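Protein chains in written order, with the numbering used here: chain A, 63 to 337; chain B, 2 to 361; chain C, 197 to 492.
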């Protein structure tokens, strides 16, 4: 009896989620396979012929191969800012979890503030201009680091609290200096949460649209999200190309999802619940 | 050659003092056990010696070096932690060799030292494993191995057996004892378990509230406890106490009596005791016997018959209860009235300040 | 001996947890986040061209509460946040209950529901803009097949904001679900067994055991999605650009529009308004959600 309801319920749930969650993605894929005329119908139909590679080529070479530049820029921003985030956030999380001083309350407050307060956009632009960082990849990387530090710190701090302090002390007795303790004992033990951090932050930064829109104007510095946004008007009559573009920028998160599903879910829930 | 000298050591966290002036001398090669209830400061004192806690006041000498501001690695100590504190991401081999690696010991010397330590502890077959693949007892050995490979002058143990099950605890206790004999190093050992303290120590230091209560050989602490705290802490089951009044003072004995006690003369140091003083009488449960008449009377609350001995919980008329451990089996019933007697020389008188008045 | 000892006693040993570990993060955070935040308090009181700022008091804020379309943006922001976070709580809880039961195909369901969380918001927005087209969109075509005339999702001023919020829920409910799943599996089985011995029905189980004991998860979901909703920009910008008219403008899109138009002081005032809005709504909300309960 119980068995049967669970099977019926299962089929109903699978069917419902298929309609709601899978069909939009199938729609993207189908559109990316179509030619311009068929895609203009914007319906859920089988493609007349295989046009995916033509579409990809078309999208990639638009505006002087801007897509290539954009992928390089996005990758660069993502890799460098995530690397900096990992090291800096782990250092903060380590000291914050281990040493209780009267400043801890203030630091925790600043972390929470960073999660809640929307960045003041125009003053930031003004400041970046003053620092000669406005519209540069360096500036964009530092912005991503600044905005995403609080979340990474929270992830790390929660995890460091589970590493026994005795390990630090054993290392000290063994003759370790603070940097030895951090790099040889603590950081290797943080590997699981580092993976989580890498995955979650990479996806977030790669998908970031708002911050590059403000801080990274100009075609030379376009990111993939900006490129998609800019192509929207250009492709307004070529839905096959628009959806090919969407498909292309969905592939990186899909790959990450296939390989790191568990870490992403663990990281997002842990960070959220602890925060 | 390293003994230790603690001179008026103090430690406080903010305004809260936790170690209130400890003076102690530890000879080279001695096995010293710090014992006391949880929160008494025994672990803090050990960690001050290790250099894991700053010293607020006083002096710590290890060998002939003042160590207050010396980094742990330069103190010539090694420590075994309660939860082993093995590095989970390193093999046993690397765990043992980590300190040598940090000290930049050449690889071949490091290797021979690690294998030597493994041989002493009979765990050569475990060297390639990670701590996660070891049993509790094996982890404890690795922790000890990590300590001995550094050839320290002083070994520090922080409740090293508290995570092992009872059988393993006895084995490991004996091994530590043997290690002490083989290495001849100074060892300081913290525990809350008085059996460990009694069996391992050359010298026991009883701590309470950050103050040393008594220092002495194990049997001395049992037979001649310095005060009410030590008397109550050392020995199991706990010593029985009773408030009594001084009826008569002789040259080397006092006669005392109380609500639950008919007058009895007990040998004691009588200096300063006068008629009518309230003092405390202490008798160990094993010192009580059941003759036909006795000086203590009560009703039996509970009887535990273990065959070789019988443990009786006796409710006295004043409301307190005493334990008696009687040799052999006795068929006693709950609710029954029972008289207990004791040899006056086995009783201890404690004065108003709680100091023991052992006869000279 | 004591003379030699004195300086040694004073010397502090180095901390195992040095303060300079904070330094790199602190510098970046202070310069690029805290400094602009504080600067915004001043620049919101000016007429500002980036090169020069003229102090005009609270004129920008007065304008914010005078112009109907700006007030509309403020109201829209709260409505959007309330709708999207409310739906995420309810749907997230239901989906999590389903996924923690003995239902078939749990792995598939969990993946499918969660995947949109990882996809580009702009891409999702554009896809749904096409799907929600009033005549050519797939949603309305599907509805017409079963005889329903679908509404003008994004072109009807009364509906546009609500439609964007629905897409937000579509994209974000996966995160709410996994947070709830984490909360539900953390509830000890003993409670359900005790409730069963007490004769609780499944519905009573839910209201007297599951719901109260998953409150930390509820608090997280509400706080996260409510803050996210108040700050939302990319989805609205990708789908409606605040339109039709100002029907789906939010404070965040107003900030961007004023920035584009060169009203930097007004744009910054919008930032301060959003900051205050979040502080005023979220702080009491989290305090209410995380209040201590007798059993905790």
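Every residue gets a Cβ at the ideal spot worked out from N, C-alpha and C, and that includes glycine.
In this text the structure is predicted, and so the values were computed from the model without any measurement.
- Task: Please confirm if residue 185 (chain A) has its CB atom under 8 Å from at least one CB of chain B.
- Result: Numbered from its first residue, the first chain carries residue 185 (chain A) at position 123. Answer no: the Cβ-Cβ gap between residue 185 (chain A) and chain B never drops below 8 Å.
- Message: Our contact map puts residue 59 (chain B) next to residue 3 (chain B) with C-beta atoms below 8 Å; I'd like the distance itself, whole angstroms only.
- Response: Stepping through the second chain from its first residue, residue 59 (chain B) is reached at position 58. Stepping through the second chain from its first residue, residue 3 (chain B) is reached at position 2. With a Cβ gap of about 19 Å, residue 59 (chain B) and residue 3 (chain B) do not count as contacting.
- Task: Using the Cα positions of residue 130 (chain A) and residue 408 (chain C), report the straight-line distance between them to the nearest angstrom.
- Result: Along the first chain, one-based indexing puts residue 130 (chain A) at 68. Along the third chain, one-based indexing puts residue 408 (chain C) at 212. Cα to Cα, the separation comes out at about 51 Å.
- Item | Whole-angstrom distance between residue 357 (chain C) and residue 449 (chain C), CA atom to CA atom | Your numbering for residue 449 (chain C) matches position 253 in the third chain. Your numbering for residue 357 (chain C) matches position 161 in the third chain. If you take the alpha carbons of residue 449 (chain C) and residue 357 (chain C), they lie about 12 Å apart.
- Message: For chain C, check one thing: does any of its Cβ atoms lie closer than 8 Å to the Cβ of residue 71 (chain A)?
- Response: Within the first chain, residue 71 (chain A) is the residue found at index 9, counting from 1. Taking Cβ atoms only, chain C reaches closer than 8 Å to residue 71 (chain A), which makes this a yes.
- State whether the region 83 to 92 of chain A contacts the region 101 to 116 of chain A, with contact taken as three or more CB pairs (one from each stretch) at a distance under 8 Å. A contact exists between the region 83 to 92 of chain A and the region 101 to 116 of chain A.
- Residues that residue 236 (chain B) bridges to, as DSSP identifies them: Here residue 236 (chain B) is taken as the residue at index 235 of the second chain, counted from 1. Answer by DSSP bridge pairing: none, since residue 236 (chain B) is not bridged.
- Message: If you reduce the DSSP assignment to three classes, tell me which class residue 190 (chain B) lands in.
- Response: Here residue 190 (chain B) is taken as the residue at index 189 of the second chain, counted from 1. DSSP places residue 190 (chain B) in strand when its eight states are reduced to three.
- Name the chain A residues that come within less than 7 Å of residue 1 (chain B), Cβ to Cβ? Lying outside 2 to 361, the shown extent of chain B, residue 1 (chain B) is not represented and no answer is given.
- Inter-residue Cα distance where the pair is residue 213 (chain C) and residue 217 (chain B): Start at 1 with the first residue of the third chain, and residue 213 (chain C) comes out as number 17. Start at 1 with the first residue of the second chain, and residue 217 (chain B) comes out as number 216. If you take the alpha carbons of residue 213 (chain C) and residue 217 (chain B), they lie about 39 Å apart.
- Query: Is there contact between the region 233 to 253 of chain C and the region 233 to 245 of chain A, where contact requires at least three CB pairs shorter than 8 Å?
  - Reply: No, the region 233 to 253 of chain C is not in contact with the region 233 to 245 of chain A.
- Message: Using a Cβ-Cβ cutoff of less than 8 Å, which residues in the same chain neighbour residue 437 (chain C) once the five nearest sequence positions on both sides are dropped?
- Response: In the third chain, the residue the question calls residue 437 (chain C) occupies position 241. Same-chain partners within the cutoff: 449.
- Item | Integer Cβ distance of residue 223 (chain A) from residue 159 (chain A), believed to fall under 8 Å | The sequence position of residue 223 (chain A) within the first chain is 161, counting from 1. The sequence position of residue 159 (chain A) within the first chain is 97, counting from 1. About 5 Å; that satisfies the 8 Å criterion.
- Task: For residue 229 (chain A), collect the residues of the same chain with a Cβ closer than 7 Å to its Cβ; drop the 5 residues on either side in sequence, then sort them by chain order.
- Result: Here residue 229 (chain A) corresponds to residue number 167 of the first chain, with the count starting at 1. Answer for residue 229 (chain A): 247, listed in chain order.
- Task: Could you pull out every residue in the same chain whose Cβ sits closer than 6 Å to the Cβ of residue 416 (chain C), ignoring the five residues on either side in sequence?
- Result: Translated into positions along the third chain, residue 416 (chain C) becomes position 220. Closer than 6 Å at the Cβ level, and outside the excluded window around residue 416 (chain C), lie 375.
- Of all the CB atoms in chain A, is at least one closer than 8 Å to the CB of residue 351 (chain B)? Working through the second chain from its first residue, we reach residue 351 (chain B) at position 350. No, no contact with chain A.
- Query: Start and end of the beta strand (DSSP E) containing residue 164 (chain A)?
  - Reply: Here residue 164 (chain A) refers to the residue found at position 102 when the first chain is read from its first residue. Counting along the chain, residue 164 (chain A) falls outside any beta strand (DSSP E), and DSSP gives it neither H nor E.
- Query: Tell me which same chain residues have a C-beta within less than 7 Å of the C-beta of residue 201 (chain A), skipping the five on either side of it?
  - Reply: The sequence position of residue 201 (chain A) within the first chain is 139, counting from 1. Counting only Cβ-Cβ distances below 7 Å, and skipping sequence neighbours, we find 190, 195 and 277.
- Message: Quick check on residue 312 (chain C) - is its C-beta less than 8 Å from some C-beta in chain A?
- Response: Reading the third chain from its first residue, position 116 is the one you call residue 312 (chain C). Yes, its Cβ sits closer than 8 Å to a Cβ of chain A.
- Is DSSP giving residue 435 (chain C) helix, strand or coil here? In the third chain, counting from the first residue as 1, residue 435 (chain C) sits at position 239. In this structure, residue 435 (chain C) counts as helix in the three-state DSSP scheme.
- Query: Of the choices B:83, B:84, B:82 and B:111, whose alpha-carbon is the least far from that of residue 95 (chain B)?
  - Reply: In the second chain, the residue the question calls residue 95 (chain B) occupies position 94. Closest option to residue 95 (chain B), Cα to Cα, is B:111.
- Message: Considering Cα atoms alone, identify which of B:300, B:105 and B:155 is closest to residue 242 (chain A).
- Response: Working through the first chain from its first residue, we reach residue 242 (chain A) at position 180. Comparing C-alpha distances from residue 242 (chain A) to each of B:300, B:105 and B:155 shows the shortest one belongs to B:105.
- Query: From the beta carbon of residue 378 (chain C), is the nearest beta carbon of chain A less than 8 Å away?
  - Reply: Here residue 378 (chain C) is taken as the residue at index 182 of the third chain, counted from 1. Chain A, which has a Cβ nearer than 8 Å to the Cβ of residue 378 (chain C), makes this yes.
- Which residues in chain A sit within 7 Å of residue 100 (chain B), going by Cβ to Cβ distance? The residue given as residue 100 (chain B) occupies position 99 in the second chain. By Cβ distance, chain A contributes 236 and 237.
- Sheet register partners of residue 317 (chain B) (DSSP bridge): The residue you call residue 317 (chain B) lines up with position 316 of the second chain. Bridge partners of residue 317 (chain B): B:299.
- Item | Rounded separation between residue 474 (chain C) and residue 464 (chain C) - CA only | The count along the third chain starts at 1 and reaches residue 474 (chain C) at position 278. The count along the third chain starts at 1 and reaches residue 464 (chain C) at position 268. Using only the alpha carbons, I get a separation of about 15 Å.
- Where residue 287 (chain A) falls, given that 16 or more other Cβ within 10 Å makes a residue buried: As a working note, residue 287 (chain A) is residue 225 in the first chain. Under this definition residue 287 (chain A) is a buried residue.
- Quick one, are the C-beta atoms of residue 410 (chain C) and residue 379 (chain C) less than 8 Å apart? If you number the third chain from 1, residue 410 (chain C) lands on position 214. If you number the third chain from 1, residue 379 (chain C) lands on position 183. Yes; because the gap between Cβ atoms is below 8 Å, this pair is in contact.
- Message: On the CB-based measure, 16 or more other CB atoms within 10 Å of its CB, does residue 325 (chain A) come out buried or exposed?
- Response: Reading the first chain from its first residue, position 263 is the one you call residue 325 (chain A). So residue 325 (chain A) ends up on the buried side.
- Query: What are the residues of the region 340 to 360 of chain C that lie near chain A, defined by any Cβ-Cβ distance shorter than 8 Å?
  - Reply: So nothing in the stretch comes that close.
- Residues, ordered as in the chain, of the region 220 to 239 of chain C that lie near chain A by beta-carbon distance below 7 Å: 220, 221, 224, 225, 228, 229, 231, 232, 233, 235, 236 and 239
- Query: CB residue 447 (chain C) to CB residue 269 (chain C), shorter than 8 Å?
  - Reply: What you label residue 447 (chain C) is simply residue 251 of the third chain in a count that begins at 1. What you label residue 269 (chain C) is simply residue 73 of the third chain in a count that begins at 1. For residue 447 (chain C) and residue 269 (chain C), yes; Cβs fall inside 8 Å.
- Extent of the continuous alpha helix (DSSP H) to which residue 244 (chain B) belongs: Within the second chain, numbered from 1, the residue matching residue 244 (chain B) stands at position 243. No alpha helix (DSSP H) contains residue 244 (chain B), which is instead part of the beta strand (DSSP E) from 241 to 250.
- Pair within 8 Å by beta-carbon distance, residue 43 (chain B) and residue 52 (chain B): Taking the second chain and counting its residues from 1, the one referred to as residue 43 (chain B) is at position 42. Taking the second chain and counting its residues from 1, the one referred to as residue 52 (chain B) is at position 51. Not a contact, by the Cβ cut-off of 8 Å.
- Task: Sort C:273, C:265 and C:211 by Cα distance to residue 470 (chain C) and report the nearest one.
- Result: As a first step, residue 470 (chain C) must be located in the third chain, where it is residue number 274. Closest by alpha carbon: C:273.
- Query: What do you reckon, are the CB atoms on residue 228 (chain C) and residue 140 (chain A) nearer than 8 Å?
  - Reply: Residue numbering aside, residue 228 (chain C) sits at position 32 when the third chain is read from its first letter. Residue numbering aside, residue 140 (chain A) sits at position 78 when the first chain is read from its first letter. No. Outside cutoff.
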